[in-house]
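> Residue numbers (the numbering used here), protein chains in the order written: chain H, 1 to 343; chain G, 344 to 686. One structure coming up, written as structure tokens, with questions to follow.
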DNA sequence: TTGAAAGCGCTAACAA
DNA sequence: TTGTTAGCGCTTTCAA
């Protein structure tokens with residue numbers, strides 16, 4: 001069976017305490033003992049039983065990430081990159097990453113509770129915030145360390161990283177308006193998502209500065225997927241007067257919208273401009289390439305993890321409330337780079 | 344602090360043994376005791392300490408998934424869907440999912456070793472097999488339960504699910520050849536990946552049946568990303584005589600290849616056919632939509648997890664070596680649905 | 001039907 | 001510098 005500290009103790013003729021301390025690197029152990037113990041440990045192929053270690057230390061060295069998924073299946077390039085960012089940063093500090101998926105709702109909070117009370121994690125990374133976010137309320141109340149990607153309504157007394165969605169969409173609106181687009185539509189995420197709120201506001205304000213009104217009738221709510229973006233765009237394009245630009249609130253929906261426009265025989269970037277938000281790898285390789293706002297997902301994930309790790313360690317994170325400025329990536333789907341603007 | 348079994352014992356006046364058994368549902372506990380204990384447990388908000396439970400039971404109720412990533416960052420829709428499949432199926436049986444990312448190599452096996460010896464997981468799901476797969480060798484030798492997505496060279500004495508890559512690419516080759524394509528190129532994954540081998544073989548054989556030779560000079564090896572597919576296609580299309588069809592071995596590379604063709608002013612499906620493999624959601628919404636081979640990733644992941652769970656439980660899985668037949672999804676990138684074939 | 005006691009593998013006060 | 005001892009929170013013989 002597995003090698004334990006006790007085996008090393010027997011083999012070296014020392015006590016398990018001494019072995020434990022030698023392995024942990026305490027300096028109240030004779031150097032030669034330390035060497036001996038370590039050598040035997042290697043010989044025997046010893047690996048500490050983390051379960052036992054954690055039970056004793058009352059820490060789990062694990063961080064939790066519960067992905068809010070709408071359907072049972074999901075395929076979001078955003079999350080895979082985010083995951084890598086969290087996982088790699090965590091691993092660098094010897095932390096494990098416990099991942100699960102759970103649709104928003106009652107069960108979701110139970111999943112958090114369960115992991116907290118079952119002492120499976122030391123803290124959480126929370127993603128895709130809702131305006132009223134029960135996860136944040138719960139974690140705050142329970143005193144569990146956590147760091148959040150996104151903000152929420154109410155008091156911002158928790159550590160977070162967020163992109164400046166208002167600014168981002170203002171930049172986009174400005175760009176679109178300068179190109180001459182006047183009849184602008186929007187494919188927005190469900191209103192309960194915090195970033196829906198912010199991005200929509202940014203778009204509205206940005207257009208307003210150019211005297212352009214974002215009409216309510218030109219807003220379609222969709223579920224962040226290509227399929228959803230496709231349906232939303234179809235609905236927009238089935239109207240008598242179609243928009244001359246569609247600003248989608250994420251890339252996946254924008255890509256779906258492009259597909260819808262093309263299925264109707266429209267040339268994207270010429271008959272209709274379409275823009276996204278996120279700059280996923282696909283944005284660069286779509287046809288035409290997608291004008292969008294870049295977010296450094298991997299870095300955001302790593303930063304959040306670093307914050308969380310600091311909090312778990314009882315330290316104050318160097319930075320605990322970060323708002324990043326997304327930058328505009330102009331490609332061809334808005335018609336600017338290749339063709340002259342549509343008046 | 345956290346509520347323990349001891350608190351319940353004190354509150355009910357019973358011993359911790361009795362409480363433990365009442366909670367576990369043993370039937371050598373008086374019904375009224377059972378009721379009382381459970382009621383108090385709920386009142387106090389008791390949740391078992393999984394660490395303690397697991398240490399005692401010598402099981403972790405956790406399965407491990409180490410994603411082989413090439414760069415530090417990765418964004419693969421394939422993995423996010425796979426992850427959801429594993430996570431959901433695992434959760435349904437009360438299992439946790441421990442995820443990490445690790446580029447193939449020395450460190451990778453250490454990561455496996457570490458999790459096994461540290462008793463962090465009861466078994467692994469292994470993805471994206473290599474022809475000589477050190478992970479499989481290790482797990483087999485160590486006697487750790489595991490289930491694999493993909494096959495490997497050598498003895499297939501382990502449980503796996505795989506798609507029939509040979510058949511898949513034969514179908515594709517057949518389709519392409521029937522459409523009249525004769526100068527077919529291929530964007531292949533690194534040769535050490537098992538599926539590269541199989542898919543390439545399928546393409547070669549399928550074309551051969553129509554008397555078409557897949558020339559070595561028409562094969563480009565790439566890294567499974569859009570960017571890689573883009574570069575590979577650029578190289579293919581920079582030749583004096585360009586291929587009339589490019590079969591990429593996955594969708595991401597196919598999408599990158601489409602982008603490359605389009606950047607050179609070629610019309611995909613007309614000037615050049617491009618096909619993929621996987622049928623990721625994006626395949627349906629690209630422009631033109633991508634002809635590809637469908638794989639039910641989510642179901643594969645769930646099936647694999649089920650197998651693994653059975654093995655961990657000491658049972659024999661109902662099915663332990665599954666080879667699925669991918670089916671051809673004909674869209675427009677090969678020029679068949681919309682335009683007449685190119686002679 | 002219940003409880004005392006041992007122990008899962010480890011750490012850490014405390015004493016020697 | 002080392003060892004004894006007492007847990008971390010739980011399950012499970014074994015005896016009552």
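For every residue, glycine included, the Cβ atom is placed at its ideal position computed from N, Cα and C. Computed from a prediction, not measured in an experiment: that's the story for all the values here.
Could you pull out every residue in the same chain whose Cβ sits closer than 6 Å to the Cβ of residue 666 of chain G, ignoring the five residues on either side in sequence?
If we look at residue 666 of chain G and ignore the five residues flanking it on each side, its Cβ neighbours are 505 and 507.
> Here's a check: name, in chain order, each residue in its chain whose Cβ is nearer than 6 Å to the Cβ of residue 411 of chain G, leaving out the five neighbours to either side.
Hits under 6 Å: 447 and 471.
> Between residue 442 of chain G and chain H, is any beta-carbon pair separated by less than 8 Å?
Yes, its Cβ sits closer than 8 Å to a Cβ of chain H.
> Taking residue 190 of chain H as the reference, give the member of H/70, H/121 and H/258 with the closest Cα.
Selected option, being the one with the closest Cα: H/70.
> Assign residue 160 of chain H to one of three DSSP states: helix, strand, or coil.
Residue 160 of chain H: strand per DSSP, three-state reduction.
> Are residue 604 of chain G and residue 530 of chain G close, meaning C-beta to C-beta below 8 Å?
It is not a contact, given that the beta carbons lie outside the stated cut-off.
> Looking at the secondary structure, which residues open and close the alpha helix (DSSP H) in which residue 322 of chain H lies?
No alpha helix (DSSP H) holds residue 322 of chain H; the beta strand (DSSP E) holding it covers 321 to 324.
> Can you list, in chain order, the residues of the segment 43 to 57 of chain H whose Cβ is nearer than 9 Å to any Cβ on chain G?
Listed by position, the residues of the segment 43 to 57 of chain H near chain G (Cβ gap below 9 Å) are 45, 46, 47, 48, 49, 50, 51, 52, 53, 54 and 55.
> CA-CA distance, residue 621 of chain G and residue 176 of chain H?
Taking the straight line from one Cα to the other gives about 36 Å.
> Note down, in chain order, every chain H residue with its Cβ under 7 Å from the Cβ of residue 538 of chain G.
Under the 7 Å cutoff, chain H gives no residues; its nearest Cβ is about 19 Å from residue 538 of chain G.
> Smallest Cα separation from residue 167 of chain H: which of H/108, H/294 and H/93?
Closest option to residue 167 of chain H, Cα to Cα, is H/294.
> Hey, quick one: how far does the alpha helix (DSSP H) through residue 37 of chain H stretch, first residue to last?
31 to 44 is the extent of the alpha helix (DSSP H) around residue 37 of chain H.
> Have a look at residue 274 of chain H and residue 297 of chain H and give me their C-alpha separation to the nearest angstrom.
Approximately 22 Å, taken between the alpha carbons.
> Which residues share a DSSP beta bridge with residue 616 of chain G?
In the DSSP output, where bridge partners are listed per residue, residue 616 of chain G has G/588.
> Just to check, is the beta-carbon of residue 642 of chain G closer than 7 Å to a non-hydrogen atom of the ligand GDP?
The ligand GDP is not part of the structure shown, which contains no ligands of any sort.
> Beta-carbon of residue 294 of chain H versus every beta-carbon of chain G: anything under 8 Å?
It does not; no Cβ of chain G falls within 8 Å.
> For residue 659 of chain G, count the other beta carbons within 10 Å of its own beta carbon; 16 or more makes it buried, fewer makes it exposed. Which is it?
With fewer than 16 Cβ atoms within 10 Å of its Cβ, residue 659 of chain G is classed as exposed.
> DSSP on residue 606 of chain G, reduced to helix/strand/coil?
Residue state, collapsed to three classes: helix.
> Just verifying my parser: in three-state terms, what is the DSSP assignment at residue 196 of chain H?
Residue state, collapsed to three classes: helix.
> What's the C-alpha gap between residue 405 of chain G and residue 476 of chain G?
For residue 405 of chain G and residue 476 of chain G, the distance between alpha carbons rounds to 23 Å.
> Taking all protein chains shown into account, do 16 or more other C-beta atoms lie within 10 angstroms of the C-beta of residue 96 of chain H, making it buried, or fewer, making it exposed?
Result: buried.
> Report back the beta-carbon spacing between residue 5 of chain H and residue 15 of chain H to the nearest angstrom; my notes put them in contact at under 8 Å.
Not really, about 10 Å apart at Cβ, beyond 8 Å.
> Kindly confirm or deny that the segment 521 to 530 of chain G and the segment 424 to 443 of chain G touch, where touching means at least three C-beta pairs closer than 8 Å.
With a cut-off of 8 Å, the segment 424 to 443 of chain G and the segment 521 to 530 of chain G do not count as touching, because too few Cβ pairs lie within range.
> Kindly say whether residue 361 of chain G, judged by its beta-carbon, lies nearer than 8 Å to any beta-carbon of chain H.
Cβ-Cβ to chain H under 8 Å: no for residue 361 of chain G.
> Among G/582, G/584 and G/615, which one has its Cα closest to the Cα of residue 597 of chain G?
Closest option to residue 597 of chain G, Cα to Cα, is G/615.
> Does any residue of chain H have a CB that is nearer than 8 Å to the CB of residue 403 of chain G?
Judged by the 8 Å Cβ criterion, residue 403 of chain G is in contact with chain H.
> Can residue 556 of chain G and residue 516 of chain G be called in contact, C-beta distance under 8 Å?
No.
> Compute the Euclidean distance between the alpha carbons of residue 32 of chain H and residue 22 of chain H, then round it to the nearest angstrom.
About 10 Å.
> Spell out the partners DSSP gives residue 292 of chain H in its beta bridges.
DSSP output for residue 292 of chain H lists H/329 as bridge partner(s).
> So, helix, strand or coil for residue 350 of chain G, using DSSP?
If DSSP states are grouped into helix, strand and coil, residue 350 of chain G belongs with the helices.
> On the CB-based measure, 16 or more other CB atoms within 10 Å of its CB, does residue 455 of chain G come out buried or exposed?
Counting Cβ neighbours within 10 Å, residue 455 of chain G comes out buried, since at least 16 surround it.
> List, from N- to C-terminal side, the beta strand (DSSP E) runs of 3 residues or more that fit wholly inside the segment 455 to 496 of chain G.
List check, beta strand (DSSP E) in window: 466 to 469 and 489 to 492.
> Please say whether residue 287 of chain H and residue 628 of chain G have beta carbons closer to each other than 8 Å?
Not a contact, by the Cβ cut-off of 8 Å.
> Of all the residues that make up the segment 573 to 605 of chain G, which are near chain H by a beta-carbon distance shorter than 7 Å?
Taking 7 Å as the Cβ-Cβ cut-off against chain H, the residues of the segment 573 to 605 of chain G that qualify are 573, 598, 599, 601, 602 and 605.
> List the residues that DSSP assigns as beta-bridge partners of residue 440 of chain G.
The partner list for residue 440 of chain G (beta bridge, DSSP) reads G/406.
> Would residue 123 of chain H pass as an interface residue toward chain G - the criterion being a Cβ-Cβ separation below 8 Å?
Not one chain G Cβ lies under 8 Å of residue 123 of chain H.
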